[in-house]
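In this note's numbering, the protein residues as written are 29 to 139.
Cβ coordinates follow ideal geometry from the N, Cα and C atoms, glycine included.
Only one structure is covered here, and it is reproduced in the block below.
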């Protein structure tokens, strides 16, 4: 499998992985293993990863959208293309509802 991200898109994968590891450790140590525990762990991991995803998108959108560089030869300002933060070619701001939906799906099927 190939992971494709641009700029800060890798943070989303890190958040899901960290939450998955945390919830796996908590659930395995308290409830033990059950057939539906993996679905519950995945659901909680995706659901809780939606908050850092939203927070990252909020912080990145508050940055100035148009930035300029100074051309050293003549001293004029040259506009710089804005940064594009994405995971699998989907902008970060769209991953919050995707993570919420995947998380709810896994939590519902684990019940």
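May I have the straight-line CA-CA distance separating residue i from residue j, to the nearest angstrom?
i, j, result
"residue 103", "residue 89", "29 Å"
"residue 44", "residue 131", "11 Å"
"residue 48", "residue 87", "24 Å"
"residue 53", "residue 129", "23 Å"
"residue 83", "residue 76", "12 Å"
"residue 41", "residue 97", "32 Å"
"residue 106", "residue 95", "9 Å"
"residue 51", "residue 100", "52 Å"
"residue 139", "residue 108", "50 Å"
"residue 57", "residue 133", "24 Å"
With respect to the beta strand (DSSP E) encompassing residue i, which residues constitute its N-terminal and C-terminal limits?
i, result
"residue 166", "Missing from the structure shown is residue 166; the chain here goes from 29 to 139 and no further."
"residue 125", "Where residue 125 is concerned, there is no enclosing beta strand (DSSP E), although the alpha helix (DSSP H) it sits in stretches over 123 to 138."
"residue 107", "105 to 108"
Buried or exposed: which applies to residue i, given that a residue is buried once 16 or more other Cβ atoms fall within 10 Å of its Cβ?
i, result
"residue 74", "buried"
"residue 85", "buried"
"residue 69", "buried"
"residue 124", "buried"
"residue 113", "buried"
"residue 71", "buried"
If contacts are defined as beta-carbon pairs under 8 Å, then residue i and residue j qualify, I think. What distance do you get, rounded to the angstrom?
i, j, result
"residue 78", "residue 127", "4 Å"
I'd like the span of the alpha helix (DSSP H) that includes residue i, first residue to last.
i, result
"residue 56", "38 to 58"
"residue 80", "65 to 89"
Any Cβ of chain C within less than 9 Å of the Cβ of residue i?
i, result
"residue 134", "This model lacks chain C altogether; it includes just one protein chain."
Original post:
Would the stretch 120 to 127 and the stretch 36 to 53 be scored as touching if the rule is three or more Cβ pairs under 8 Å?
Top reply: Between the stretch 120 to 127 and the stretch 36 to 53 there are three or more inter-stretch CB-CB distances shorter than 8 Å, so the stretches are counted as touching.
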